[in-house]
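The structure under discussion appears below in the form of structure tokens.
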Amino acid sequence: RKEVEQDPGPFNVPEGATVAFNCTYSNSASQSFFWYRQDCRKEPKLLMSVYSSGNEDGRFTAQLNRASQYISLLIRDSKLSDSATYLCAVKKTGGFKTIFGAGTRLFVKA
Amino acid sequence: EAGVVQSPRYKIIEKKQPVAFWCNPISGHNTLYWYRQNLGQGPELLIRYENEEAVDDSQLPKDRFSAERLKGVDSTLKIQPAELGDSAVYLCASSSFRSVNEQFFGPGTRLTVL
Numbered sequence: 234r235k236e237v238e239q240d241p242g243p244f245n246v247p248e249g250a251t252v253a254f255n256c257t258y259s260n261s262a263s264q265s266f267f268w269y270r271q272d273c274r275k276e277p278k279l280l281m282s283v284y285s286s287g288n289e290d291g292r293f294t295a296q297l298n299r300a301s302q303y304i305s306l307l308i309r310d311s312k313l314s315d316s317a318t319y320l321c322a323v324k325k326t327g328g329f330k331t332i333f334g335a336g337t338r339l340f341v342k343a
Numbered sequence: 004e005a006g007v008v009q010s011p012r013y014k015i016i017e018k019k020q021p022v023a024f025w026c027n028p029i030s031g032h033n034t035l036y037w038y039r040q041n042l043g044q045g046p047e048l049l050i051r052y053e054n055e056e057a058v059d060d061s062q063l064p065k066d067r068f069s070a071e072r073l074k075g076v077d078s079t080l081k082i083q084p085a086e087l088g089d090s091a092v093y094l095c096a097s098s099s100f101r102s103v104n105e106q107f108f109g110p111g112t113r114l115t116v117l
């Protein structure tokens, strides 16, 4: 079993839709959680960190469920420009190594 | 502020040939990472440097891969000899001690081994 797992998708949604991705992690010692966005043939860029209390940044909301060991990303009012691959990433307590999931592909259609 | 710079952006070589990738991190970032990203996968850490010291190279295939970060700034990743399975995107990233959780990635080097 992979340490970080994501549904590869693709998710095909119309503009304006709400879409959510989950990411599960296997190591209960994981302490820090992140969502990265990666456009086609580009480098990953940090979208947002995921805090225990959940956090929101505009149309994006990230949540953490430690009991079930998953993090989620909710995108409201999808834009064409949201089309990308969304990578989740985790770090263990006191560690510097970031483990990435394989990513979930999102296509937003007009 | 300039981002992480990598070169070359693309490299095509025949198997058994050597290849080297270069990375210049963001100025002032003491931590430098080399990742490999295969098609349809997330980045996988190869090696992490704190200044000039390699502090995590457990995932680096040491029989053919080597890396260095002289003077704690630029870094070079080398493969010798390259194998077909080495075809991937090699990403360099850096972070500062003030914000260790935020890694900034370079554009990557896309390696094709024929």
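One line per chain: the protein sequences are A and B, in this order.
Per our numbering, the very first residue in the first sequence carries number 234; after that it's consecutive.
Per our numbering, the very first residue in the second sequence carries number 4; after that it's consecutive.
We treat Cβ as the ideally placed atom computed from N, Cα and C, and that holds for glycine.
Distance between E86 (chain B) and R270 (chain A), taken at the CA atoms: about 30 Å. Put simply, the backbone Cα of K19 (chain B) is about 18 Å away from that of Y93 (chain B).
Note that the C-beta distance between R309 (chain A) and T251 (chain A) is below 8 Å. DSSP places S97 (chain B) inside the beta strand (DSSP E), whose first and last residues are 91 to 99. From the beta-carbon of R51 (chain B), the residues of chain A found nearer than 9 Å are F329, K330. For the pair G334 (chain A) and E238 (chain A), the CB atoms are nearer than the 8 Å cut-off. Burial state of E71 (chain B) is exposed, judged by a 10 Å Cβ sphere holding fewer than 16 other Cβ atoms.
A check of alpha carbon separations from K325 (chain A) across A:T318, A:A295, A:Y258, A:P241 identifies A:Y258 as the nearest. Leaving aside the five residues that flank N27 (chain B) on each side, the residues in its chain whose CB is nearer than 6 Å to its CB run, in chain order, V8, D77. F293 (chain A): member of the beta strand (DSSP E) spanning 293 to 298, first to last residue.
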